[in-house]
Amino acid sequence: PVPCMPPGAGQDVGRSCILVSIAGKNVMLDCGMHMGYNDDRRFPDFSYITQNGRLTDFLDCVIISHFHLDHCGALPYFSEMVGYDGPIYMTHPTKAICPILLEDYRKITVDKKGEINFFTSQMIKDCMKKVVAVHLHQTVQVDEELEIKAYYAGHVLGAAMFQIKVGCESVVYTGDYNMTPDRHLGAAWIDKCRPDLLITESTYATTIRDSKRCRERDFLKKVHETVERGGKVLIPVFALGRAQELCILLETFWERMNLKAPIYFSTGLTEKANHYYKLFITWTNQKIRKTFVQRNMFEFKHIKAFDRAFADNPGPMVVFATPGMLHAGQSLQIFKKWAGNEKNMVIMPGYCVQGTVGHKILSGQRKLEMEGRQILEVKMQVEYMSFSAHADAKGIMQLIRQAEPRNVLLVHGEAKKMEFLKQKIEQEFHVSCFMPANGETTTIFTNPSIPVDISLGLLKRETALGLLPDVLKPQLMHGTLMMKDNSFRLLSPEQALKELGLAEHQLRFTCRVHIQDPRKEHETVLRVYNHLKGQDYSVQHLPDGSITVESILIQATAHSEDQGTKVLLVSWTYQDEELGSYLTSLLKKGLPPSSS
Amino acid sequence: FFQYCLSGHPTLPCNVLKFKSTTIMLDCGLDMTSTLNFLPLPLVQSPRLSKLPGWVLKDGSTFLDKELKECSGHVFVDSVPEFCLPETELLDLSTVDVILISNYHCMMALPYITEYTGFTGTVYATEPTVQIGRLLMEELVNSIERVPKAQSASMWKNKEVQRLLPAPLKDAVEVSMWRKCYTMPEVNAALSKIQLVGYSQKIELFGAVQVTPLSSGYALGSSNWIIQSHYEKVSYVSGSSLLTTHPQPMDQASLKNSDVLILTGLTQIPTANPDGMVGEFCSNLAMTVRNGGNVLVPCYPSGVIYDLLECLYQYIDSAGLSNVPFYFISPVANSSLEFSQIFAEWLCHNKQTKVYLPEPPFPHAELIQTNKLKHYPSIHGEFSNDFKQPCVVFTGHPSLRFGDVVHFMELWGKSSLNTVIFTEPDFSYLDALAPYQPLAMKCVYCPIDTRLNFIQVSKLLKEVQPLHVVCPEQYTQPPPTQSHRTDLMIDCQPPPMSYRRAEVLTLPYKRRYEKIEIMPELADSLVPLEIKPGISLATVSAVLHTKDNKHVLQLPPKPPQPTAGKKRKRVSDDVPECKPLKPLLSGSIPVDQFVQTLEKHGFSDVKVEDTAKGHIVLLQEAETLIQIEEDSTHIICDNDEPLRVKLRDLVLKFLQKF
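Which chain is which? The protein sequence lines are A and B, in order. Be aware that the first sequence starts at 1, since it is given in the UniProt record's numbering, and climbs by one per residue. Be aware that the second sequence starts at 1, since it is given in the UniProt record's numbering, and climbs by one per residue.
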């Protein structure tokens, strides 16, 4: 059985955190924060994991799927404040970028909002020391039984899906993934690994998105129109990920159309961020990888660093600003400045969680209450364009088809949409599909086959039989399973006896069958031979006057008192019980009249 | 288990392993030392080379003077250089299922194998190996193709003629097998057959064998390979290093418990310490430049050059070389420098940490940025405008037979101010220099070979303890030039099995088990019995299914229930014959208890007689006799089946079944 429980991300987007137990090993998948909350609810409730005892003793390892804060934002809190000293696994790019985003998050929370009792810079560093970086497709042996393997997920740079395996049982956790390659990343891929359980995100459980090309054209058209009429375009993004894709898109468009309006990228992180893309170019899509020596796609000509003062400049401009959900920081500041002008436009290129300004304006709110009870009236145009690299319903189904799981569990999505997808999955794939709420445990029952060692002698004997003309016919095989110190070995009975130092005990039967036959003994034997030889088994008449039928021995003697009666001695071992018993009853019926 | 040895070159191996039902080629190195027998290919017409006299036989015959030229007492073939391929006749190479590549130097013969032998399998290699391997091939093809040579000499290869030639041509092996360089389309076709793999990735081959690349510490993406089934493990060690240079450190632990360890690619210069050589390299370089001379470093476009540039980065300012231009000339120079910066995951820990900052892992990025290091695709074009002397030039090919290096040898060879510094260990520097003699230029030999030396090997073998070691014959005796150095050979117990080119070895191994899976339904039906403390047995009768080399045991199908009205319906073909087989028996029968049991079951006239080996139990009325001995029981009775069966079952009660 594989129990699986989400302390976060159950029927919800944000603070992804899932606990899986597989063959006695406990693995925590992701450790995210929730952008919509500023209180205790922003982190997963780790008391779900274990009430008493240290997390380090309970958890065998922690796996982080990618660097987005809703998947790793609670990590320093978890490891340094709650206390966890075991291994944390993530890919190299995630390991590189994650601490930077955590530090950014810490700064906004502590320095800007003035919160106390939050994790410190030192805690982020100490936490990262516990991280072990993994390669794609590398089989990492966490301990002797537990192994994990990363697959490409294509959601952001370094995003990975993870297979967790103990013996024959396995779970795949997708993290966030994207099944269609975009301008900078490739598509998620997994082999037919047939996990007992596939835990998949379901952000876009009900959406089937139109082709990417249309969305891109639409995006460019809107940006272009706004800039043409002298408006300003604000694109709230996270520093790494979608930002790079949209930058590549605008850069090539500006180049082609020979546009002059300035494009800015807001934080100091940008240049650094682009540097990560350059150094981890092996994680981007094939086209970028192939051409990077001639032209590095992440060296932008038209996109310049943003300065706070530029926001008040007259004339059109395009600004990428962080963070992506307008919940804090520079993007929110610029938004406040530009919101009053209907010539301007804000384009939300990704998902916004509840409680954020981004979510509010997307749900149609045009009067926002800001800090200090100020009311902000939004006159600028608000556009939503899904560029977040999540798999849509079609993509999720495609991944299930690739991996062929026995069970599916949905996380990282909204309950209503999940319900719809769950039905679809159960219908199409005939597998069970679950969608637990936070803290609710789902247990998957696995039925693993048991690997044992079979002695080559026994296997060869059986496969040799299998090579007879009847090759397609499955063969019955007989062996002795020896269980000793947790090792299982299948041996031939003879080997098993020998290994245990036991002698075989031979059980033999000899039956006397009386036959009326006045002839000489050797003639009786001949009659018996003729009678039996027509049958299916091998019958031999030996020179010493006896007959063998397979391994059964038949001898004839004269009756001591009655010359007209002969006694047939039929002798066999216990292993030939069926045939021996059959022959005696056959002979008891007497011999057919002799033809001679 | 067989090993077909297709190459005799210990650091450019090519072996084929028959392992279980798979045929696996381990590396396909290309022996380029054959090119030393050829004249250099000059980029610019060289009057000196074109004026070399033709070679004349002792008897004065001149029929070879077009093909062979003489230079300072050595004879060279005047033709497009040719390479010595791995053996192709020893086995049918179209039967090779997979090729495992360990590092970019060991894949240079790949196009010959994949494009000319009917090969239809898959090649496995890491991403850096493929990318850099491609660069090496590209450079090789480029440097040969851009100097078209009209002449293609073949007469000298005739066995009768070759006999008459001076050494080393006379002794060159397999000259009929020497081939011209492949072309770019062939390179591309060959590389398209490669599947990328990562370290510690387990790759299943036909369900029978699993192969896994491990970091070998020698070059970017270089790997050793584990080839294993459930019960056998062969480790293939090729080009490994324990020194801390730029690549990820060698994974030694995973080599433990090998049945066979194939050991190739040890250092070619066991007596030189790489660190000392780097020091000498730097000081010779500085001295030459300070005296106004130029330095030529013949090298490959990837590998040690990264380490040399890193040393120079730290060294040039302190040595007062800041104003000396460093040139790196190769058609793939730019690509090589760029690629080196994007393989962070394959680098040593220190370099990985730099990427997290994010900074380029190699300092040559800064050398380029500050204009101290400049790179050019060739001596033509931009380079000729920028060229300033004195300078330091890194360029290929280390054999000095083709590539831009030929031009610099001709240009700088006449002045004793200049120095050529040999760092690559693949070619004897004296042989490489032979067609340039007489030479005024200084020659410094600083071979840098970071691969394992014999001390490291013996430590490694002690650590990982393979049952058997297989290695090229060169490693089982001291080097020919230092026959007293018995420390320069592999020393292990049992002694290594050695191989030479074109040999077939039978690898020793003993296999007793195979993996089989018991399906859960069958497992549930088993009834284990504890026979001895801690040991339980269960008899298993099950159906064996074998598919893709995987064995599965399933519950036998239930015998078809005879349905009313249809008598003796023919049993369908896919149901196996389920004759329950009788188990073996073990144990012994205590006579007293047996007699008691008989009496309990209504036999009143039981009589026991002692015999030499045991007892005879007589049932007088039934005229039945039961001989009981330590390891056997014999029931002799009249043809009374119910009686026999009853006695049988009573006997069985005292025995264990297997």
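No residue lacks a Cβ here, since even glycine has one placed at the ideal position from N, Cα and C.
Residue j beta carbon less than 8 Å from that of residue i
{"i": "B:I227", "j": "B:F63", "result": "no"}
{"i": "B:S222", "j": "B:T129", "result": "yes"}
{"i": "B:D259", "j": "B:Y475", "result": "no"}
{"i": "A:H327", "j": "A:S16", "result": "no"}
{"i": "B:D27", "j": "B:S215", "result": "no"}
{"i": "B:D59", "j": "B:K69", "result": "no"}
{"i": "B:Q131", "j": "B:F339", "result": "yes"}
{"i": "B:G413", "j": "B:S143", "result": "no"}
{"i": "B:Y199", "j": "A:Q138", "result": "yes"}
{"i": "A:G457", "j": "A:Q506", "result": "no"}
{"i": "A:D60", "j": "A:N26", "result": "yes"}
{"i": "A:P262", "j": "A:K304", "result": "yes"}
{"i": "A:L409", "j": "A:I199", "result": "yes"}
Beta-carbon contacts of residue i that lie in its chain and below 6 Å, excluding the five residues immediately before and after
{"i": "A:K337", "result": "A311"}
{"i": "B:V571", "result": "Any reading at B:V571 must be qualified, since the residue scores a pLDDT of 40, below 50, and its modelled position is unreliable; the value itself is stated next. Correct list: empty, nothing qualifies."}
{"i": "B:K374", "result": "Y327"}
{"i": "A:S571", "result": "T510, L553"}
{"i": "A:D470", "result": "Here the model assigns A:D470 a pLDDT of 43, short of 50, so the residue's position is not dependable, and the following value carries that caveat. Correct list: empty, nothing qualifies."}
Beta-carbon contacts of residue i that lie in its chain and below 7 Å, excluding the five residues immediately before and after
{"i": "B:K66", "result": "G54"}
{"i": "A:I248", "result": "R183, H184, M297"}
{"i": "A:K222", "result": "M345, I347, E383"}
{"i": "A:C352", "result": "M325, G358, H359, L362"}
{"i": "B:A174", "result": "According to the sequence provided, residue 174 of chain B is Glu. The question's Ala does not apply to it. So the list reads C84, once near-sequence residues are dropped."}
{"i": "A:K212", "result": "T180, D182"}
{"i": "B:P583", "result": "T539, K657, F658"}
{"i": "A:G564", "result": "Q516, P518"}
{"i": "A:G580", "result": "F509, I552, V570, W572"}
{"i": "B:A365", "result": "Q341"}
Residue environment, residue i, which counts as buried when at least 16 other CB atoms sit within 10 Å
{"i": "B:K567", "result": "Low confidence applies here, because B:K567 scores a pLDDT of 42, under 50, leaving its location unreliable and the question unanswered by this model."}
{"i": "A:L468", "result": "Residue placement at A:L468 is poorly supported in this model, since its pLDDT is 44, which falls under 50; the coordinates still yield a value, given next. Its Cβ having fewer than 16 others within 10 Å, A:L468 is exposed."}
{"i": "residue 664 of chain B", "result": "Any question about residue 664 of chain B goes unanswered here, given that chain B covers just 1 to 658."}
{"i": "B:C282", "result": "buried"}
{"i": "B:N385", "result": "exposed"}
{"i": "A:I425", "result": "buried"}
{"i": "B:L430", "result": "exposed"}
{"i": "B:A434", "result": "buried"}
Residue(s) in a DSSP beta bridge with residue i
{"i": "A:R508", "result": "A:T573, B:H634"}
{"i": "A:K165", "result": "A:E147, A:S170"}
{"i": "B:E514", "result": "A:I454"}
{"i": "B:E629", "result": "B:G614, B:S632"}
{"i": "B:Q3", "result": "B:L17, B:L505"}
{"i": "A:I22", "result": "A:K25"}
{"i": "A:H478", "result": "B:S541"}
{"i": "A:Y529", "result": "Paired residue(s): none; A:Y529 is not in a bridge."}
{"i": "residue 620 of chain A", "result": "Absent from the structure is residue 620 of chain A, since the part of chain A shown begins at 1 and ends at 596."}
{"i": "B:Y124", "result": "B:L100, B:Q195"}
{"i": "A:K367", "result": "A:E377"}
{"i": "B:E204", "result": "B:Q210"}
8 Å CB neighbourhood of residue i in its chain, flanking five on each side removed
{"i": "residue 661 of chain B", "result": "Absent from the structure is residue 661 of chain B, since the part of chain B shown begins at 1 and ends at 658."}
{"i": "B:F38", "result": "F76, V77, D78, S79, V80, P81, E82, R401"}
Heavy atom of the ligand MN within 7 Å of residue i beta-carbon
{"i": "A:P181", "result": "Questions concerning the ligand MN fall outside what the structure shown contains, since it holds no ligand whatsoever."}
* Touching by the beta-carbon criterion (3+ pairs, under 8 Å), the stretch 458-469 of chain B and the stretch 485-498 of chain B -> yes
* **the stretch 420-436 of chain B in contact with the stretch 314-328 of chain B per 3-pair CB rule at 8 Å** => no
* Asked: So does the stretch 365-374 of chain A actually touch the stretch 142-152 of chain A, counting three or more Cβ pairs closer than 8 Å?
  -> no
* Inter-stretch contact at 8 Å, needing at least 3 Cβ pairs: the stretch 188-206 of chain A / the stretch 313-324 of chain A -> no
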